[in-house]
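Just below is one structure, and these are the notes that go with it.
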Amino acid sequence: MNCPTCGAGLDTGQKYCIQCGTSVAALTLPMPPAGPVSAAPPTVAIKPTAAPTVAAPIAQLPPPVAPVGSAARPDPQQWTGRWTGAVPETMIGAQHASTGTQSTVQENLHTAATPYSPLLAPDVLSIPGRGSTALAVVAGIAGLAVIIGGFIPVLNIETDAPIPDAGGYKVNDMFLGTSVLLGFVIAGLCMIGGGVLALLGRRIGAGLAAGAALVTIPVAIVLWGAVDLVSTRAEQNAFAIAAAGGGGTFFRSKQDVGLFVVLGGAGLGLVVIIVAAIQSGNDGRPTLNLPLGVAGAVASVLAAIGQLIPGNGRSFSDNFSDIFGSHPVIGGRIALIAIVALAGIVGFLRSNRWGVGLALGGASIWVWQWLSSIASLGEAPAPPGYFAIGGTDFKPHVLTTIGVIVMLVIAVVVLVTAPKPQPQPQQHTI
Numbered sequence: 012m013n014c015p016t017c018g019a020g021l022d023t024g025q026k027y028c029i030q031c032g033t034s035v036a037a038l039t040l041p042m043p044p045a046g047p048v049s050a051a052p053p054t055v056a057i058k059p060t061a062a063p064t065v066a067a068p069i070a071q072l073p074p075p076v077a078p079v080g081s082a083a084r085p086d087p088q089q090w091t092g093r094w095t096g097a098v099p100e101t102m103i104g105a106q107h108a109s110t111g112t113q114s115t116v117q118e119n120l121h122t123a124a125t126p127y128s129p130l131l132a133p134d135v136l137s138i139p140g141r142g143s144t145a146l147a148v149v150a151g152i153a154g155l156a157v158i159i160g161g162f163i164p165v166l167n168i169e170t171d172a173p174i175p176d177a178g179g180y181k182v183n184d185m186f187l188g189t190s191v192l193l194g195f196v197i198a199g200l201c202m203i204g205g206g207v208l209a210l211l212g213r214r215i216g217a218g219l220a221a222g223a224a225l226v227t228i229p230v231a232i233v234l235w236g237a238v239d240l241v242s243t244r245a246e247q248n249a250f251a252i253a254a255a256g257g258g259g260t261f262f263r264s265k266q267d268v269g270l271f272v273v274l275g276g277a278g279l280g281l282v283v284i285i286v287a288a289i290q291s292g293n294d295g296r297p298t299l300n301l302p303l304g305v306a307g308a309v310a311s312v313l314a315a316i317g318q319l320i321p322g323n324g325r326s327f328s329d330n331f332s333d334i335f336g337s338h339p340v341i342g343g344r345i346a347l348i349a350i351v352a353l354a355g356i357v358g359f360l361r362s363n364r365w366g367v368g369l370a371l372g373g374a375s376i377w378v379w380q381w382l383s384s385i386a387s388l389g390e391a392p393a394p395p396g397y398f399a400i401g402g403t404d405f406k407p408h409v410l411t412t413i414g415v416i417v418m419l420v421i422a423v424v425v426l427v428t429a430p431k432p433q434p435q436p437q438q439h440t441i
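Heads up: the sequence shown begins at 12 in our numbering, then just goes up one per residue.
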């Protein structure tokens, strides 16, 4: 064996070359003894041990592998997602790191995020339906218009003839009775309140706003006809006085701003009805009691048609002509009666909260007229439908009273006894 640097001879075990000083220890190590080499590897005895029964808790498991094309794998200390794969066997009977207690994987899964379910999370029922924001805005404007229109003049009459008809008229100054103004306020508040409830996720609010908007339309028509009748009567009185030599040289009547505000609110009510109808479908809750709904629909019909029953020998056909002939007052009154019945039928048979709201909103003015007339609230409260054919005491018909009471009771009962959402078992994955 020679030195790789200078070529000098080396002895076994020599560490340095005596000629050049190069380290040659690695080249002069003792060689192994000659002999056959065994091909069998050495064996090592392994003492069997019991399989571990406790694994790391769920909180210490690494996060799932990020999918292809996604961002880098998240930090295990910051990852807050949930497992979506099969349950590893090592998780069965996992031990909590903090308490040292044993738990099954099912118990651990309750602390993880679970799939969204309306039946498991009742708060989902408070999520606003489609169009709720638009409904709240339009219903709010329409409701305010109806309320404001009731407080400002709807008709102004000017004349120099000595008649008591001159001056400004508000809704309560008409022949329709002194309960008209509060009826306007109630209908307006139902639209405003219904829009707010819809914005809070309550479908009954959308139905309430739609019903109130629906019943405001015929009421506005009745008011429009009443303005025309009062103006015509005042003009006839002024001309009669002037012809008799009582004085008077001019007469002028003008529809005032209040009438147009009310008509504008009723027009916006059409938009309210259309937007609210979007939420009339399934609301995620069990349907209401159908037999009670049928009873409520029948009660609504009785409450409405009771005012069509004539008295004092008058005929049923007088409801369509009477002393006014074919006039908007008559047409609006018949439309009001029909809407009270129709809203009750559709609303109660819909068997959901939207439908109950529709029935109550459609009867809002009707119920107030019934209450004010039967309790004699105000100087001259008008009965439901503003008057009854052949009636002399301005009281509602007994059939109307029965229908209104039953309808209100059923509306309350059907809401109170409504079935609650029941939780359904969910298939949890980790």
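C-beta atoms are modelled at their ideal positions from N, C-alpha and C, and glycine is treated no differently.
Asked	Found
Determine the extent of the alpha helix (DSSP H) in which leucine 219 is found, giving its start and end residues.	214-254
Taking leucine 371 as the reference, give the member of Leu388, Ile158 and Ala352 with the closest Cα.	Ala352
Taking the beta strand (DSSP E) that arginine 263 belongs to, which residues open and close that run?	262-266
Identify whether isoleucine 168 lies in helix, strand or coil by the three-state DSSP scheme.	strand
Assign asparagine 3 to one of three DSSP states: helix, strand, or coil.	Because the chain spans 12 through 441 in this model, residue 3 falls outside it and cannot be assessed.
Could you please give me the residues that DSSP links to tyrosine 397 through a beta bridge?	According to DSSP, which records beta bridges pairwise, tyrosine 397 is partnered with nothing at all.
Judging by CA-CA distance, which residue of Leu410, Met418 and Trp379 is the nearest neighbour of phenylalanine 198?	One detail in the question is off: residue 198 reads as alanine in this sequence, not phenylalanine. The shortest C-alpha separation from alanine 198 is found at Trp379.
Is isoleucine 345 near phenylalanine 359, with beta carbons less than 8 Å apart?	no
To the nearest angstrom, report how far apart alanine 147 and alanine 310 are at their CA atoms.	30 Å
Does DSSP classify serine 190 as helix, strand or coil?	coil
Identify whether glycine 178 lies in helix, strand or coil by the three-state DSSP scheme.	strand
Determine the DSSP secondary structure at glycine 5, reduced to helix, strand or coil.	Residue coverage of the chain in this structure runs from 12 to 441, which leaves residue 5 outside it and unanswerable.
Within 10 angstroms of its Cβ, does alanine 354 collect 16 or more other Cβ (buried), or is it exposed?	buried
Cβ of alanine 156 within 8 Å of Cβ of valine 282?	no
Closest to proline 321 by CA distance: which of Ala391, Ile421, Ile138 and Lys406 is it?	Lys406
Around the Cβ of valine 409, are there at least 16 other Cβ atoms within 10 angstroms (buried) or fewer (exposed)?	exposed
Compare the beta carbon distance of glycine 342 and isoleucine 232 with 8 Å and say whether it is the shorter of the two.	yes
Keeping to the same chain, check which residues put their C-beta closer than 6 Å to that of glycine 140; ignore five residues upstream and five downstream.	Gln290
In three-state DSSP terms, what is glycine 342?	helix
On the DSSP letters alone, give me the boundaries of the alpha helix (DSSP H) that leucine 21 sits inside.	From DSSP, leucine 21 is part of no alpha helix (DSSP H); its letter is neither H nor E.
Select from Ser384, Leu388, Met418 and Ile421 the residue whose C-alpha is nearest the C-alpha of threonine 403.	Ser384
What are the start and end residues of the alpha helix (DSSP H) that includes methionine 185?	Segment: none, methionine 185 is in no alpha helix (DSSP H) and carries neither H nor E.
Taking only runs of the beta strand (DSSP E) that begin and end inside the segment 281-337, which ones reach a length of at least 3 residues, in chain order?	none
Cα-Cα, which of Asn363, Met185 and Arg244 is closest to tyrosine 397?	Met185
As a quick exercise: from Pro297, Ile174 and Val191, pick the residue whose alpha carbon is nearest that of leucine 382.	Val191
Would a C-beta distance cut-off of 8 Å place methionine 418 and glycine 324 closer than the cut-off?	no
Quick one, are the C-beta atoms of isoleucine 168 and alanine 245 less than 8 Å apart?	yes
Taking the alpha helix (DSSP H) that phenylalanine 162 falls in, what are its first and last residues?	143-162
Can you have a look at alanine 254 and say buried or exposed, based on whether 16 or more other CB atoms are within 10 angstroms of its CB?	exposed
DSSP three-state label for serine 34, please.	strand
May I have the straight-line CA-CA distance separating serine 326 from isoleucine 316, to the nearest angstrom?	14 Å
Does the ligand FMN have a heavy atom nearer than 7 Å to the CB of alanine 253?	This structure lacks the ligand FMN, and indeed carries no ligand of any kind.
Is the Cβ-Cβ distance between isoleucine 158 and leucine 225 less than 8 Å?	no
What residues in its chain sit with their C-beta under 6 Å from that of threonine 16, if we drop five residues either side in the sequence?	Cys31 and Thr33
Could you spell out where the alpha helix (DSSP H) holding glycine 140 opens and where it closes?	First-last for glycine 140: undefined, no H or E at that position.
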